[in-house]
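Peer 1: Sharing a structure below in structure tokens format, with a few things to ask.
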Amino acid sequence: MSARDDRRAQAKPSTGGLNRVPITADVLIIGGGGAGVSAALHLAKRGTRVVLLERGLIGGQASGVNHGGVRQQGRHPAEIPLAIRSRRLWSNIQELCGSDVEFDPCGHLKLARNAEQEADLLRWNEMAKGYGLETTMLGRNAIRAQHPYFGESVIAGSLLAEDGSANPRLLAPALARMARAAGATLLEHHKVESIEPGFRVLANGQEFTAPILLNTAGFWGGEVAARFGEPVPVESLNPNMLVTEPLPYFCSVNVGVVGGDVYLRQIPRGNVILGGGRGESDPALPRSRPLPDPGFLAMRKAIEIIPRLEGALIIRSWTGIDGGMPDALPVMGWSHTTPGLLHAFGFSGHGFMLGPAVGEILSELVLDGRTDVPLEAFDIARFNRQDGVEPDVWKTRLE
Amino acid sequence: MSVVVVGAGPAGVRAVERLVEAGIRPVWIEESPDGGGRVFQKPPPGFSRDAKALYGADAARAQAIHDTVARLRAQVDWRPGTLVWNLRPGPRLLNTQGPDGTTQEVPYERVILCTGAMDRALPIPGWTKPGVTGLGAAQIALKAQGLAIGRRVALCGTGPLLLLLAWQLTKAGAPPALVLESAGWGQTLRAAPGLAWNPVGALRGLAWRAALRRKGVRIHAGALPLRVEGADSAQALLWRDAKGAEHRTEVDGVAIGYGLKPETQLADLAGVPFAFDTLQRLWLPERDRAGRTAVPGVYLAGDGASIGGSVVAELAGTRAALAVIEDAGQPVDPLETDMIHRRLWLEARFRAALERAFPYPAAHAAAMPDETLLCRCEAITAGDLRATDAPEVNRGKAFTRIGMGRCQGRVCGPAGAEVLAAARGCAVQDVGRLRGQMPVKPVVMA
Ligand SMILES: Cc1cc2nc3c(=O)[nH]c(=O)nc-3n(C[C@H](O)[C@H](O)[C@H](O)COP(=O)(O)OP(=O)(O)OC[C@H]3O[C@@H](n4cnc5c(N)ncnc54)[C@H](O)[C@@H]3O)c2cc1C
């Protein structure tokens, strides 16, 4: 027996002792998920010297294991401009990434299973129209005719045709390759151990310095913020995911439901990927695991809307760790305690789609001092206010 | 105390037997409809071939195992036809799915995992054609149903199982048309002194060889399969002999298997640490000689922990049961444990010699042509994997979908690691191992 444990295969040898000569940059980024690598790319493209530090592998956490939904539909009004901005980038995603990330604008169909849910769909559609988002309502007959695989429980649906999906395992690594090509330094196996004002950051025995620090550390962004006296109520959010064996192809749209208790899509190979409920995690390790009971519940909910799924074989199940905020909105914007510190984390289970725009917006905040997307609702100080978190009128917390 | 034993092969049978003797009534879960495990697979009801014909020199041991299963069934909570598809070490729970598809949660205070082994595949171009199967699977077909996989069969593999199957087929009146042993004579001879640690086992190997020769079945040492040809199903095997010359032999069945590979997924889900075993060239769950792991309440025995064969499995099963009994505060006889340790030590010496004599043809796997369907579930080629910049296997999986299909990398995992390591220019252990995910085998949606 020689090597012990598989972690060895992933851990690069550290430099041993401390390297006292700091590496300097214009901008340091903590966290190589979708938000961080996109920021690295957009900053590097504009000539900024960027160093990104990632504890594990690029896209190894939430950004690499999510459902792959690229959806504007169902979002909180405060997030819609950000989602629209990101959707525009998705239209050229192959160019941005330099390779195919399997983006398919196949449409997102959100289902109602009772009259109240149908009213919710109509209300959201009305609101979204104000932002220029076009949806198509399908009533009972239309939805039966166009999607004969739905069961009796489905009474209506709303289609946002330009929504879609992509392969989450490919996006962040592809953006990272482009960022490196544009001159950014992205270092894997570099866990940030300490941060001092200025900023002086220690990772893997090496010191890094820069006047600007981006906190794109996902769930762990909460820890980074807390170090600067800005604690936030972030929880480890672990959406429970399952995938079936390949089934005959029948469903071309991404399917969601009002209430968010189940969502699914079928990939061209035939496998149906479905989610619903929560798994469990130990973010300190970090490790996450799906749980059987929510898995079974999601299966039953899926069978209710698509009866032909009964008897299909589940071949794999997984979850991941995202930062979940109480109002399901991210923390995004400048720190209130520390000049030069810029946060973008806590995407609450729907930040895969936003990643490309988040990075671009961060680059604008750093280089231009402004951006055209309103960010007030994402202010880190919102949790300190007297009235606390807003009531969840749009039910986005359930998604 | 709630004790669960997973698996009713030689290891599981002896573990349960010993637990019952100590007054424990374990839950005993087995995926197959009956006990015996892969080595002593029983024919389904209605097939009548006697034990001697089925198990040859092992008939007495097979009979003893089957008799023990029959005797124990009434004394335990016996759950055949039931798959354990998940293990949660925190709350100490197993998830099962029974023969009628019903799922259940089974709590345990201590669980002995005796999950056995499967064929270690060597993908070659054409290996997914009908007519091609695993060596172990071919043997099970023979034992369970008296079926040969073809009329002109090529067997490709290494070590005792290859010889045994060649001999079993010959005895059943269907001698193989071609037998390719990847190990060269030199390798086998160099390991010969070590093989003497088990004279009976070593002699049996020689006896099979001699018997096969008498029946006109030739074993090509140092020979490797290159490609299965045929339009819809296997029609010919292209292969290379020890001198490097290529040959084409017409066959309608090909069985490929280069030793065995432990079914370690449950140990992995339990969080048992793994270490790379340089002899077996596999990542194996770590355990002490009694089968205890670093995870509270989790014990391992038999081929599911490390390939040792059925004799070792029986000993290890008994030993793990004794560990459970001991850890539960009941006395065990130190003479018995000492005796088992001594026999396990001797067997381990023999096993190490066997591994040296009949190693996995790693270089051949690493060099498989780009067009080889490495992952048959997801139709990923060796070239697809080589084309990535993945530094380790889980990353390779994320980029290409290799190992994401129905078998979850149980089949393509070891060969895939060889391909990736060669492409990265590093040792195979440096590309890590695929992380296990639940369900360890498919579960029905209901
Ligand atoms: C199972 C699942 C399904 C989802 N489905 C969807 C979906 O369909 N559509 C959608 O839009 N979104 C979805 N999401 C949400 C989406 O994946 C996340 O919101 C998004 O990926 C978050 O990106 P991020 O860059 O903020 O975080 P992450 O991808 O988590 O990246 C943060 C990175 O920071 C690193 N890091 C943390 N601490 C340190 C440190 N001290 N030093 C160095 N590095 C550090 C981490 O290793 C990690 O790689 C889903 C999430 C999950 C888990």
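Residue numbers (the numbering used here), protein chains in the order written: chain A, 2 to 400; chain B, 89 to 534. All C-beta atoms, glycine included, are put in the ideal place defined by N, C-alpha and C. Just so we're clear, the structure is a prediction, and the values are computed from it rather than from any experiment.
Apart from the five residues on each side of it in sequence, which residues of its chain come closer than 8 Å, Cβ to Cβ, to A538 (chain B)?
Peer 2: Outside the shown range of chain B (89 to 534) lies residue 538 (chain B), about which nothing can therefore be said.
Peer 1: Leaving aside the five residues before and after C107 (chain A) along the sequence, list all residues of the same chain whose C-beta is less than 7 Å from its C-beta, in chain order.
Peer 2: Within the same chain, C107 (chain A) has close Cβ partners G165, S166, S253, V254 and N255.
Peer 1: Taking 9 Å as the CB-CB cut-off, is M533 (chain B) touching chain A?
Peer 2: It does; some Cβ of chain A falls within 9 Å.
Peer 1: Please look up how many angstroms separate the CB atoms of I31 (chain A) and T186 (chain A), rounded, as I've assumed it's under 8 Å.
Peer 2: That pair is no contact at about 14 Å.
Peer 1: Once the 5 residues before and after R5 (chain A) are set aside, which same chain residues still bring their CB inside 8 Å of it?
Peer 2: Confidence in R5 (chain A) is poor, its pLDDT being 49 and thus under 50, which makes the residue's placement unreliable; the coordinate value appears in the next sentence. Nothing meets the Cβ criterion.
Peer 1: In chain order, what residues of the same chain have a beta carbon less than 7 Å from the beta carbon of R178 (chain A), not counting five sequence neighbours either side?
Peer 2: These residues qualify, in order along the chain: G99.
Peer 1: If you scan the stretch 159–225 of chain B from start to end, which runs of the beta strand (DSSP E) of 3 or more residues do you find wholly inside it?
Peer 2: For the stretch 159–225 of chain B, whole beta strand (DSSP E) runs of length 3 or above, ordered along the chain, are 165–167, 171–176, 181–185, 191–195, 198–201, 205–207 and 220–222.
Peer 1: Closer than 8 Å to a non-hydrogen atom of ligand 1 - does that hold for the CB of S64 (chain A)?
Peer 2: Yes - ligand 1 has a heavy atom lying nearer than 8 Å to the Cβ of S64 (chain A).
Peer 1: Below 8 Å on C-beta distance, what does T245 (chain A) contact in chain B?
Peer 2: Result: M533.
Peer 1: Does any residue of chain B have a CB that is nearer than 9 Å to the CB of P174 (chain A)?
Peer 2: Judged by the 9 Å Cβ criterion, P174 (chain A) is in contact with chain B.
Peer 1: Near L372 (chain B), which residues of its chain fall below 6 Å by C-beta distance, leaving aside the five closest residues on each side in sequence?
Peer 2: D365 and S394, listed in sequence order.
Peer 1: Could you name each continuous alpha helix (DSSP H) segment of 4 residues or more that falls completely within the stretch 109–135 of chain A, going from the start of the chain to the end?
Peer 2: For the stretch 109–135 of chain A, whole alpha helix (DSSP H) runs of length 4 or above, ordered along the chain, are 116–130.
Peer 1: Look up C244 (chain B) in the DSSP assignment and give the residues it is bridged to.
Peer 2: C244 (chain B) pairs with B:L268 and B:I344.
Peer 1: Using a 10 Å radius around the Cβ and a threshold of 16 neighbouring Cβ atoms, would you call G501 (chain B) buried or exposed?
Peer 2: Buried is the call here.
Peer 1: Return yes when at least one heavy atom of ligand 1 lies under 8 Å from the C-beta of K192 (chain A), else no.
Peer 2: Yes, ligand 1 has a heavy atom inside 8 Å of this Cβ.
Peer 1: Taking Cβ positions, are R167 (chain B) and I117 (chain B) nearer each other than 9 Å?
Peer 2: Against a cut-off of 9 Å, the Cβ pair of I117 (chain B) and R167 (chain B) comes out as a contact.
Peer 1: Listing by chain order, which chain C residues have their CB less than 9 Å from the CB of I316 (chain A)?
Peer 2: As a matter of chain content, chain C is missing from the structure shown, whose protein chains are A and B.
Peer 1: Just to confirm my understanding: we take A408 (chain B), look at its own chain, exclude 5 residues before and 5 after, and list those with CB closer than 6 Å. What are they?
Peer 2: Same-chain partners within the cutoff: A103, I200, G379, Y387 and A389.
Peer 1: E197 (chain A) touches chain B at which residues, Cβ-Cβ below 7 Å?
Peer 2: Near E197 (chain A) there are no residues of chain B at all, since even the closest Cβ is about 31 Å away, more than 7 Å.
Peer 1: Is E55 (chain A) near ligand 1, with its Cβ less than 8 Å from a heavy atom?
Peer 2: Within the cutoff, so yes.
Peer 1: Where does the unbroken beta strand (DSSP E) through Q267 (chain A) begin, and where does it stop?
Peer 2: Per DSSP, Q267 (chain A) belongs to the beta strand (DSSP E) from Y264 to Q267.
Peer 1: Under the three-state reduction of DSSP, which class applies to Q418 (chain B): helix, strand or coil?
Peer 2: In the structure shown, Q418 (chain B) sits in coil (DSSP, three-state: anything other than H, G, I, E or B).
Peer 1: Taking buried to mean at least 16 other C-beta atoms within 10 Å of its own C-beta, is M326 (chain A) buried or exposed?
Peer 2: Buried, since its Cβ has 16 or more Cβ neighbours within 10 Å.
Peer 1: Taking G69 (chain A) as the reference, which of A:P375, A:M354, A:E391 and A:I381 has the closest Cα?
Peer 2: Here the closest residue by C-alpha is A:M354.
Peer 1: Can a CB atom of chain B be found closer than 9 Å to the CB of M179 (chain A)?
Peer 2: Not one chain B Cβ lies under 9 Å of M179 (chain A).
Peer 1: Report the rounded CA-to-CA distance for L300 (chain B) versus G293 (chain B), giving the unit in angstroms.
Peer 2: When rounded, the distance between both Cα atoms is 11 Å.
Peer 1: When the Cα of G169 (chain B) is compared with those of B:T184, B:A158, B:V507 and B:R315, which residue comes out closest?
Peer 2: Of the candidates B:T184, B:A158, B:V507 and B:R315, the one whose C-alpha sits nearest the C-alpha of G169 (chain B) is B:T184.
Peer 1: Just to check, is the beta-carbon of M326 (chain A) closer than 8 Å to a non-hydrogen atom of ligand 1?
Peer 2: False, no ligand heavy atom lies under 8 Å from that Cβ.
Peer 1: Check whether chain A comes within 9 Å of R239 (chain B), counting only Cβ atoms and requiring the distance to be less than that.
Peer 2: With 9 Å as the cut-off, R239 (chain B) does not count as an interface residue toward chain A.
Peer 1: I need the DSSP call for M427 (chain B), collapsed to helix, strand or coil.
Peer 2: Residue state, collapsed to three classes: helix.
Peer 1: Find out if the Cβ-Cβ distance for the pair A36 (chain A), A345 (chain A) is shorter than 9 Å.
Peer 2: Cβ distance < 9 Å, so A36 (chain A) and A345 (chain A) count as in contact.
Peer 1: Check the DSSP bridge columns for F200 (chain A) and list the partner residues they point to.
Peer 2: None, per the DSSP bridge assignment.
Peer 1: So which residues of chain A does F487 (chain B) contact, with C-beta pairs closer than 8 Å?
Peer 2: R170, L171 and P174, listed in chain order.
Peer 1: Measure the C-alpha to C-alpha separation of P211 (chain B) and E317 (chain B) and round it to an integer number of angstroms.
Peer 2: Taking the straight line joining both Cα atoms gives about 14 Å.
Peer 1: For L286 (chain A), does the count of other Cβ atoms within 10 angstroms reach 16, so buried, or fall short, so exposed?
Peer 2: Exposed: under 16 other Cβ atoms inside 10 Å.
Peer 1: Nearer than 8 Å: is that true of the beta carbon of H68 (chain A) relative to any heavy atom of ligand 1?
Peer 2: Checking every heavy atom of ligand 1 against the Cβ of H68 (chain A), one is found closer than 8 Å.
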